[in-house]
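Residue numbers (this note's numbering): 73 to 207.
For glycine and all other residues, C-beta sits at the position ideal for the given N, C-alpha and C.
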C-alpha cells in the first residue's frame, strides 16, 4: 500500500465494525435497545477516531449535511426514548443521506480488501461475458 494507517485509525475501523455488528445484532434480536445503543456509541466513536474529532464535528454541522444530520440524531434520540423501530429507520435514512457523497473513496477502499474486492469486481465481469452483441 502507498500509505500507512495509524494505530488510532485502526482502532477507529475496529470500533466502526463493532458498531455495525452490534446494530445488526440489535435489529436481529427484535430491536434490542441495549445493543442498538451500544452499536451507535461504537459507531460514532469509530467515526470520530477514523476522521478525527474536528472533521467529524464539521461533517455533522456543515450546512450541506444538515439534511442527514438531523434525521440521524433524531433517530438516536428516538432509540433512547424507547422507539427503536422508528429510530433505526431515521438513523438509516440520515446515514444514507450523510454518507452518500463518499461513494468513490469508499468504493476504492473496498476494492483494496482482498476477499470483498474480488467479490465486488467479479459480478461485473461475469455478466459482461454473457451479454448478447447487437447486430
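Alpha helix (DSSP H) segment containing residue 15, residue limits:
In the structure as shown, the chain starts at 73 and stops at 207, and residue 15 therefore has no counterpart that could be examined.
Taking the beta carbon of residue 79 as the centre, do at least 16 other beta carbons fall within 10 Å, making it buried, or is it exposed?
exposed
What ranges does the alpha helix (DSSP H) occupy inside the segment 90-146, keeping only unbroken runs of at least 4 residues that lie completely in it?
105-123, 125-133
DSSP three-state label for residue 188, please.
helix
Is residue 77 helix, strand or coil by DSSP?
coil
What do you get for residue 102, buried or exposed, if any count of 16 or more other CB atoms within 10 angstroms of its CB means buried?
exposed
Would you please state the rounded distance, in angstroms, between the beta carbons of residue 192 and residue 182? I believe it to be under 8 Å.
6 Å
Here's a check: name, in chain order, each residue in its chain whose Cβ is nearer than 8 Å to the Cβ of residue 163, leaving out the five neighbours to either side.
112, 143, 144, 147, 148, 151
Determine the burial state of residue 156: buried for a count of at least 16 other Cβ atoms within 10 Å of its Cβ, exposed for fewer.
Buried, because 16 or more other Cβ atoms sit within 10 Å of the Cβ of residue 156.
Residue 132 to residue 187, Cα distance in whole Å?
32 Å
Alpha carbon to alpha carbon, how far is residue 130 from residue 141? Give it in angstroms, no decimals.
A straight line joining the alpha-carbon of residue 141 with that of residue 130 spans about 11 Å.
Contact set for residue 123: own chain, Cβ-Cβ below 6 Å, skip 5 residues either direction:
none
Have a look at 89, 166, 153 and flag the residue whose alpha-carbon is nearest the alpha-carbon of residue 136.
Closest option to residue 136, Cα to Cα, is 166.
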